[in-house]
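A.B. asks: Just dropping this structure here.
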Amino acid sequence: MKSASAAVLVAIAVCHWFFHLGEAKLLEPNCGIRAKTSPYRSRIIGGSDVDISSHPWMAYLLNEVGYFCSGTLITHQFVLTAAHCIESSSNITVRLGGSELARSSASMCQIPAEDYPVSIAIKHRFYTRSILLNDIGLIKLGRSAKFEDNIRPICIILDPDMRLLLEDGMSLTATGWGFMDNGLPATALQEASVTVMNRSVCSDQYNISLAQSNLCAGNSETNTCNGDSGGPLGGVVNYYGDLRFVQYGLTSFGDRNCRAPSVYTDLSTYSGWISMAVNIYGT
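Structure follows, in structure tokens:
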């Protein structure tokens with residue numbers, strides 16, 4: 001994940017753009033809730049890594065080589081990610097509840113992460129690899145995750161009209177374990193504030209006609225990077241008086257040098273597909 005500093009130095013001022021969801025239905029009722037030790041407030045992140053309690057829905061996908069993609073826990077059984085992350089679905093392990101990629105002595109004071117086997121990987125039926133169209137997929141865990149302070153689901157709004165909540169110029173939060181400004185992969189979870197851009201910006205940047213099912217966000221200084229694929233783009237909403245973190249998009253692709261806006265899969269297009277797949281493949 002690229003940001004304006006050598007690590008990640010971002011002021012995330014969320015309090016001034018809380019949305020009110022009204023009657024919106026959520027996929028998982030007890031979603032988007034952070035531990036009490038990690039309240040929703042403006043803060044500056046720089047010089048230290050983001051603790052998993054800030055984003056307890058974050059999942060990282062590992063194979064025999066190591067970490068390769070991110071995802072988000074959306075129910076006890078399912079993790080949401082990009083379809084291109086699960087094209088080769090063999091030997092995938094999902095790790096939940098941990099900030100650091102490696103289990104080291106430095107993390108002994110933290111609640112240990114938990115590894116989950118994969119029962120099935122589900123790509124969108126019309127996923128097109130060549131242009132990363134319908135780049136969305138689900139992973140069903142081999143066993144259900146128990147919700148704790150460090151393992152909680154992110155909110156998925158089951159309403160296509162949630163796209164109306166987003167406006168060009170709005171600030172959202174992207175998280176992941178991708179590459180940083182120094183050209184090295186992050187060893188611990190990073191977050192950055194990225195700006196929603198008009199789709200035409202990404203269309204011009206990548207010389208493509210960006211689909212309505214995509215979002216464009218970021219700029220030359222702050223954006224996602226290699227290794228952030230499958231991770232969330234989201235923000236805080238007011239849900240009946242409670243502050244919840246909602247996922248609006250997931251990282252699909254971006255600039256090779258990580259110096260331009262990135263393209264995200266717009267979840268408002270796929271809320272019906274997510275709900276249907278969870279109902280079909282869930283127990």
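If you number the sequence shown the way the UniProt record's numbering does, the last residue is 283 and the count never jumps. Built from N, CA and C at the ideal position, the CB exists for glycine as well.
(1) Just verifying my parser: in three-state terms, what is the DSSP assignment at residue 154?
(2) Looking at the secondary structure, which residues open and close the alpha helix (DSSP H) in which residue 235 lies?
(3) How would you label residue 284, buried or exposed, when you count the other beta carbons within 10 angstroms and need 16 or more for buried?
(4) Figure out for me which residue from 97, 221 and 166 has the closest Cα to the Cα of residue 196.
(5) Measuring CB to CB, does residue 234 end up less than 9 Å from residue 187?
(6) Tell me, please, which residues DSSP counts as bridged to residue 258.
(7) Return the residue from the list 113, 32, 212 and 205 that minimises the CA-CA distance to residue 218.
(8) Kindly give me the distance between the Cβ atoms of residue 58 and residue 189, rounded to whole angstroms, as I take these residues to be in contact under 8 Å.
(9) Please tell me whether residue 147 and residue 30 are closer than 9 Å, where the distance is taken between their beta carbons.
(10) On the criterion of 16 or more Cβ atoms from any shown chain inside 10 Å, does residue 129 qualify as buried, or is it exposed?
(11) I think residue 158 touches residue 25, with their Cβ atoms under 8 Å apart; what is that distance to the nearest whole Å?
(12) From which residue to which residue does the beta strand (DSSP E) around residue 332 run?
(13) When DSSP labels each residue in this structure, what does residue 160 get in the three-state scheme?
(14) In angstroms with no decimal places, state the Cα-to-Cα distance between residue 279 and residue 162.
(15) If you compare alpha carbons, which of 262, 72, 87 and 81 is closest to residue 200?
(16) Are the stretch 116-124 and the stretch 249-262 in contact at 8 Å, needing three or more beta carbon pairs?
(17) Skipping 5 residues on each side, what residues in its chain have a beta carbon closer than 7 Å to that of residue 123?
(18) Run through the DSSP bridge pairs and tell me what residue 146 is partnered with.
(19) My output table needs one value for residue 6: the three-state DSSP class, helix, strand or coil.
(20) With residue 248 as the anchor, note down where its beta strand (DSSP E) starts and where it stops.
(21) Which residues share a DSSP beta bridge with residue 267?
(22) Any Cβ of chain B within less than 9 Å of the Cβ of residue 133?
(23) Is residue 214 helix, strand or coil by DSSP?
C.D. replies: In brief:
(1) DSSP places residue 154 in coil when its eight states are reduced to three.
(2) Counting along the chain, residue 235 falls outside any alpha helix (DSSP H), though it belongs to the beta strand (DSSP E) covering 232-239.
(3) The question about residue 284 has no answer, for the chain in this structure spans 1 to 283.
(4) Of the candidates 97, 221 and 166, 166 places its Cα closest to the Cα of residue 196.
(5) Not in contact: residue 234 and residue 187 (Cβ atoms no closer than 9 Å).
(6) Per DSSP, none; premise fails for residue 258.
(7) Answer by Cα proximity: 205.
(8) The pair is a contact, with the Cβ atoms about 6 Å apart (cut-off 8 Å).
(9) Contact: yes.
(10) Residue 129 comes out exposed.
(11) With a beta-carbon spacing of about 5 Å, residue 158 and residue 25 fall inside the 8 Å limit used to define contacts.
(12) A question about residue 332 goes unanswered here, because the residues of the chain that appear run from 1 up to 283.
(13) Helix at residue 160.
(14) Each residue's CA atom was taken as its position, placing residue 279 and residue 162 some 21 Å apart.
(15) Ranking 262, 72, 87 and 81 by Cα distance to residue 200 puts 262 first.
(16) In this structure the stretch 116-124 does not lie against the stretch 249-262, because fewer than three pairs of beta carbons, one per stretch, are closer than 8 Å.
(17) Non-local beta-carbon contacts of residue 123 in its own chain, meaning distances under 7 Å to residues more than five positions away in sequence, involve 83, 86 and 137 in chain order.
(18) Residue 146 pairs with nothing; no bridge assigned.
(19) The predicted position of residue 6 is uncertain, since its pLDDT is 33 and thus under 50; a value taken from the coordinates is nonetheless stated next. In the displayed model, residue 6 falls within coil according to three-state DSSP, outside both helix and strand.
(20) Residue 248 -> beta strand (DSSP E) spans 242-253.
(21) The partner list for residue 267 (beta bridge, DSSP) is empty, contrary to what the question assumes.
(22) Annotation note: the requested chain B is absent from the structure, which comprises a single protein chain.
(23) In the structure shown, residue 214 sits in a strand (DSSP, three-state: E or B).
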